[in-house]
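Residue numbers (this note's numbering): 20 to 540.
Note that CB positions come from ideal geometry on N, CA and C, so glycine has one too.
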Amino acid sequence: MSPRTTTLLGSVLVSLSSGTFYAFSAYAPQLGAKLHITHTQLNIIAFAGSLGSYGTGPIWGRIVDTRGPQIPFICALTLLFAGYMGIRSFYNGLFTLSETPHTLSPSFIMLCTFQLFCAAGGNAGLQASINSTAKSFPDQSRASATALVVAGYGLSAFIFSTAAHTVFPGDTSSFLLLLALGTSTPMLVGLWIVRPIPLYESGTIGRVDTGLYEPISSVDDSSELSHSTELPTLVDTPSPLLIPSPSPVGRQTAVQIDLHGRKLLGHRDFWVLFGILSLLAGTGLMYISNAGSITQALLAKGYPSWTVEMGAQLQAAQVSIISINNCLGRVVIGLVSDFARNKYRVPRAHFLCVVSMLFLLSQLILLETDDAQYLWIASSLIGFSYGAAFGLSTVVCMEWFGLAHFSQNWGYAAISPGIAGTIFGLAFGYNVDSHISHGDTAGLASRLLPGLGRLAPSLRDVHSSAAGQCLEGRLCYGESLGLTTAACTAALGLSVYAAWHKSREVTSKILWDDEEEVEMG
């Protein structure tokens, strides 16, 4: 087996154990009932996970880019084991919350910290595996290879939740133990076998015709071929870069784009991608974190005699459906975008429009779903769209900003889901809690949006009226779906702009090359 194949297989194994953050809704309702905490507080715990997963991206990215994958693998092993064992300790009563836990109590903050550990550890493993894979495969197959790794990340929740409900049905404590051991062990394997494999044996960017190319220094400050004076190579040793001199085929360059740091943060394309990913993935995160609560709300409305076992079974089913389709979305978008780009030269930005439309459709379907038995339709579409959004955005980030600092750049972009995801998640929690207590029915928008600046003080007063169950079906969370539907519409608008902008760039380049041909002819 070649070293490149070994790295790919090892990266897939690591990613399969990195995405258990998405299994939160499989045990969140049981955790809330056991600890007597509100739906809003459950979403604050989910936010801690989002912070760990997305907020640590730039940190892990910089470490992977500068030091390689070993340090992130060690950190992932430690954080995943400590995080899930800590949550299990709360569930089993080794650590306890006060009888009326409030959001800023030390014990509740500790619980959130353990959830942050779990997500941060998973992200460390994912960053290391994606970076190693991306640097080990050429551009023609890079999207497909990285899509396999990211697909494993999407499938992770399905594997663990299915195993737990098969081997330990209804046993949340054993499920958390399985997560602690099953996620940390593959990181140890990755530590030994996953590493970037140089693309070429020689000291050049690619194989070229020496009659058409001239060597230049890789530190020539006067070069305007890149957005950065630091010209990247894909090999371990420094060497001259090769650029083509004028030729009948047009002026093409072997030098790749390298945007990073301040130049990345000052670039319009970065903020377009940031906004699209924030709105779409934030919508997906809200549903993924609350699929269990949505299932129970629909059961309570449509099946008054429903049992805890029935609820747990449907919860697990939604997690599995989301996870499988998450995986499919990541694989399919990589294969389709590679084919369209290589065969028809379609910019990958066009597929952002497709993903946005799928997200919008998923929210409209969810708004109309009032029977828990049909929730699988919305779960399938949301899972597929969520996976496609991440699979595509990863490759778009490489394509738009370069490979040399990919992990760090992707780390900055990956902060975005946590922003919208937090707002949407808190909106969902307030929406459901208001229908349980029937205390404030003034409407979600008037409560949440004008009061964001007073959010922290208000959270101190969220007490456990909570482990209650909303009995109003989709009315329990309908207002929050209106918010996500608007977000998906905005993301579609940004995606159309990105596709139009990139099409203009491609057209301009073709016209420029044609003019060069005429001049040299």
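Which residues bound the alpha helix (DSSP H) around S375?
Counting along the chain, the alpha helix (DSSP H) containing S375 begins and ends at H369 to E387.
Return the CA-CA distance between P125 and F114, expressed in angstroms with no decimal places.
11 angstroms
Could you have a look at C489 and say whether DSSP puts it in helix, strand or coil?
coil
Inter-residue spacing [alpha-carbon to alpha-carbon] between F447 and I128
21 angstroms
Own chain residues within Cβ distance below 8 angstroms of T26, not counting five before or after:
S151, T152, S155, I212, V213, R214, P215 and I216
Is it the case that the segment 389-397 contacts the segment 312-322, given that we only count it when at least three CB pairs across the two stretches are under 8 angstroms?
yes
Using a 10 Å radius around the Cβ and a threshold of 16 neighbouring Cβ atoms, would you call M417 buried or exposed?
buried
Assign D277 to one of three DSSP states: helix, strand, or coil.
coil
Give every residue of the same chain whose Cβ lies closer than 6 angstroms to the Cβ of R608, excluding the five residues on either side of it in the sequence, and list them in chain order.
Residue numbering for the chain in the displayed model covers 20 to 540; residue 608 lies beyond these limits and cannot be assessed.
State yes or no: is the beta carbon of L411 nearer than 8 angstroms to at least one beta carbon in chain C?
Reference to chain C is not applicable here, since this structure consists of a single protein chain.
Please confirm whether F378 and A510 have their CB atoms less than 8 angstroms apart.
yes
So within the segment 22-106, which uninterrupted alpha helix (DSSP H) runs reach at least 4 residues, ignoring any that extend past its ends?
22-35, 43-54, 58-69 and 76-86
Can Q315 and P91 be called in contact, C-beta distance under 8 angstroms?
No.
Taking the C-alpha atoms as reference points, what is the distance between G294 and Y73?
Cα to Cα, G294 sits roughly 14 angstroms from Y73.
Going by the CB atoms, is the gap between M206 and G144 shorter than 8 angstroms?
In terms of Cβ geometry, G144 and M206 form a close pair [threshold 8 angstroms].
Reference E524, options H369, S398 and S426, closest by Cα
H369
Any idea what DSSP makes of F114, helix, strand or coil?
In the structure shown, F114 sits in coil (DSSP, three-state: anything other than H, G, I, E or B).
Same chain only: Cβ atoms within 8 angstroms of E243, ignoring 5 sequence neighbours per side:
With a pLDDT of 40 at E243, under the threshold of 50, the predicted position of this residue should be treated as unreliable, though the coordinate-derived value follows. So the list is empty, once near-sequence residues are dropped.
Selection from D158, R360 and F43 that minimises the alpha carbon distance to S522
R360
Run of the alpha helix (DSSP H) containing V327, from where it starts to where it stops
V327 to Y363
If I follow the unbroken alpha helix (DSSP H) through R287, where does it start and stop?
R287 to G321
Beta-carbon separation (whole angstroms), S297 vs S435, contact threshold 8 angstroms
Contact between S297 and S435 holds, with the beta-carbon distance rounding to 4 angstroms and staying under 8 angstroms.
Determine the extent of the alpha helix (DSSP H) in which Q146 is found, giving its start and end residues.
P125 to A153
Please work out which residues of its chain come closer than 7 angstroms, Cβ to Cβ, to A397, disregarding the five sequence neighbours upstream and downstream, and give them in chain order.
S381, I384, L385 and T388
Name the residue from F43, S375, G141 and S175 whose alpha carbon lies nearest to the alpha carbon of T508.
S375
Please name the residue, chosen from Y103, N142, L135 and F136, that lies closest to A433 on a Cα-to-Cα basis.
N142
Where does the unbroken alpha helix (DSSP H) through P205 begin, and where does it stop?
That run of the alpha helix (DSSP H) goes T191 to I212.
Look at the alpha carbon of A423 and the alpha carbon of G280, and state the distance between them as a whole number of angstroms.
12 angstroms
With distances taken from CA atoms, which of T39, I276, L35 and L347 is nearest S308?
Nearest Cα to S308 within the set T39, I276, L35 and L347: T39.
Apply the 10 Å Cβ neighbour rule to W519 and answer buried if 16 or more other Cβ atoms are within range, or exposed otherwise.
exposed
Quick one, which of L333, A439 and T24 has its alpha-carbon nearest L218's?
Nearest C-alpha to L218: T24.
Confirm, please, whether the CB-CB distance from S36 to S175 is below 8 angstroms.
Their beta carbons are under 8 angstroms apart, which means S175 touches S36 by this criterion.
Between the Cα of Y306 and the Cα atoms of M20, P157 and A439, which residue gives the shortest distance?
A439
Measure the Cβ-Cβ separation of L99 and T202 and say whether it is below 8 angstroms.
Closer than 8 angstroms, so yes.
Taking 8 angstroms as the threshold (C-beta atoms), are G512 and P77 in contact?
no
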